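Enquirer:
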Amino acid sequence: MKQQQLYFIAIMLPYSIDEEIIRFKNDMAQRFQSKGALRTASHITLKAPFKVPANMHEEVLQWFNEMNIATPPFTQEIKDFGAFSNKHNPVIYVQPVMNEPLVHLQKEVLHQFAKAYSKEFISNNEYHFSPHITIAYRDLHLQQFKEAWKEYATQQYNASFEVNSFQLLQHISGRWQVIGSFLLNR
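Numbering follows this note's numbering, with no gaps: position 33 of the sequence shown is 33.
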């Protein structure tokens, strides 16, 4: 079997907001025993993780850098918290406000991906875009989720930042690392 490399595409949050999100992640880890989200930098996923053969790494980089993306820079607001409350994998997240530029950018990225690779590597969930910034998942057990969500469902949070770029990340040595950045044109 050929060795595969794992990638995904996301909007990485600016440092000042990432620090605030890390405080929420730390709270989830300390009080609700959910540490999984601490292993990933805060982000809004545009294209979920995908695998390609390792010998295609340079091709992936070239494709990413040459994508045809027309979305100009935009302001992204983040407001309050949300949850996916399924009993097997509950998730608590900070909620990006849905707006036209964010939706358009995600659709453009998926379209470019489908043209270069295959639609079969795009899950149905990706077509039903639900942007989120995860603060607890995977190791968040249902009882801890219920306790945490009682508190976070009514907690308020508000921030905004300018989206000037989005990033290509690769899973290297057990961690996601940014390996490319695509600048949005004005």
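The beta-carbon is built from N, C-alpha and C at its ideal position, and this holds for glycine as well. Predicted model only: the values in this text are computed from it and were never measured.
Flag this pair as yes or no: are the beta carbons of residue 140 and residue 69 separated by less than 9 Å?
Expert: Residue numbering aside, residue 140 sits at position 140 when the sequence shown is read from its first letter. Residue numbering aside, residue 69 sits at position 69 when the sequence shown is read from its first letter. No, the pair does not count as a contact, with Cβ atoms beyond the cut-off.
Enquirer: For residue 163, which residues in the same chain have their Cβ closer than 8 Å to its Cβ, ignoring the five residues on either side in sequence?
Expert: For the purposes of this step, residue 163 is taken as the residue at position 163 of the sequence shown. Excluding residues within five positions, the ones whose Cβ falls inside 8 Å are 11, 73, 74, 75, 76, 101, 102, 105 and 184.
Enquirer: So what's residue 25 in DSSP terms, helix, strand or just coil?
Expert: The residue you call residue 25 lines up with position 25 of the sequence shown. Helix.
Enquirer: Report the CB separation of residue 170 from residue 132 in whole angstroms; it is logged as a contact under 8 Å.
Expert: On the sequence shown, residue 170 is found 170 positions in, with the first residue counted as 1. On the sequence shown, residue 132 is found 132 positions in, with the first residue counted as 1. Going by Cβ atoms, the distance from residue 170 to residue 132 rounds to 22 Å, so no, they are not a contact pair.
Enquirer: What are the complete beta strand (DSSP E) segments, minimum 3 residues, inside the stretch 35–69?
Expert: Runs found: 43–53.
Enquirer: What's the call for residue 37, buried or exposed, on a 16-neighbour Cβ count within 10 Å?
Expert: Counting from one through the sequence shown, the residue named residue 37 turns up at place 37. Residue 37 should be labelled buried.
Enquirer: Is residue 42 buried or exposed, if buried means 16 or more other CB atoms sit within 10 Å of its CB?
Expert: In the sequence shown, the residue the question calls residue 42 occupies position 42. Buried is the call here.
Enquirer: DSSP puts residue 145 in a beta bridge; with which residues?
Expert: For the purposes of this step, residue 145 is taken as residue 145 along the sequence shown, with counting starting at 1. Paired residue(s): none; residue 145 is not in a bridge.
Enquirer: Please state if the CB of residue 90 and the CB of residue 136 are separated by a distance shorter than 9 Å.
Expert: Within the sequence shown, the letter at position 136 stands for residue 136. Within the sequence shown, the letter at position 90 stands for residue 90. Yes, the pair counts as a contact, with Cβ atoms nearer than the cut-off.
Enquirer: Just tell me which of 63, 51, 17 and 82 has its CA closest to the CA of residue 111.
Expert: Taking the sequence shown and counting its residues from 1, the one referred to as residue 111 is at position 111. Per the Cα distances, 63.
Enquirer: Could you round the C-beta distance between residue 144 and residue 34 to whole angstroms and report it? I think they count as a contact, below 8 Å.
Expert: Taking the sequence shown and counting its residues from 1, one reaches residue 144 at position 144. Taking the sequence shown and counting its residues from 1, one reaches residue 34 at position 34. That pair is a contact at about 6 Å.
Enquirer: For residue 168, which three-state DSSP category applies?
Expert: Taking the first residue of the sequence shown as 1, we reach residue 168 at position 168. Strand.
Enquirer: How about residue 84 and residue 153: are their beta carbons less than 9 Å apart?
Expert: Within the sequence shown, residue 84 is the residue found at index 84, counting from 1. Within the sequence shown, residue 153 is the residue found at index 153, counting from 1. Cβ distance not < 9 Å, so residue 84 and residue 153 don't count as in contact.
Enquirer: I'd like the ranges of any beta strand (DSSP E) spanning at least 3 consecutive residues and lying wholly in the stretch 97–140.
Expert: You should have 133–136.
Enquirer: Which two residues bound the contiguous beta strand (DSSP E) that contains residue 180?
Expert: For the purposes of this step, residue 180 is taken as the residue at position 180 of the sequence shown. Run containing residue 180: 175–183, per the beta strand (DSSP E) assignment.
Enquirer: Tell me, please, which residues DSSP counts as bridged to residue 86.
Expert: Along the sequence shown, read from residue 1 onward, the residue named residue 86 stands at position 86. DSSP, once it has assigned bridges, lists no residue as partnering residue 86.
Enquirer: On the DSSP letters alone, give me the boundaries of the beta strand (DSSP E) that residue 6 sits inside.
Expert: Counting from one through the sequence shown, the residue named residue 6 turns up at place 6. Looking at the DSSP string, the run of the beta strand (DSSP E) that includes residue 6 is 4–12.
Enquirer: Any idea which residues DSSP pairs residue 159 with across the strands?
Expert: Against the sequence shown, residue 159 aligns to sequence position 159. Its beta-bridge partners are 78.
Enquirer: Helix, strand or coil for residue 30? Go by DSSP, reduced to three states.
Expert: Here residue 30 corresponds to residue number 30 of the sequence shown, with the count starting at 1. Residue 30: helix per DSSP, three-state reduction.
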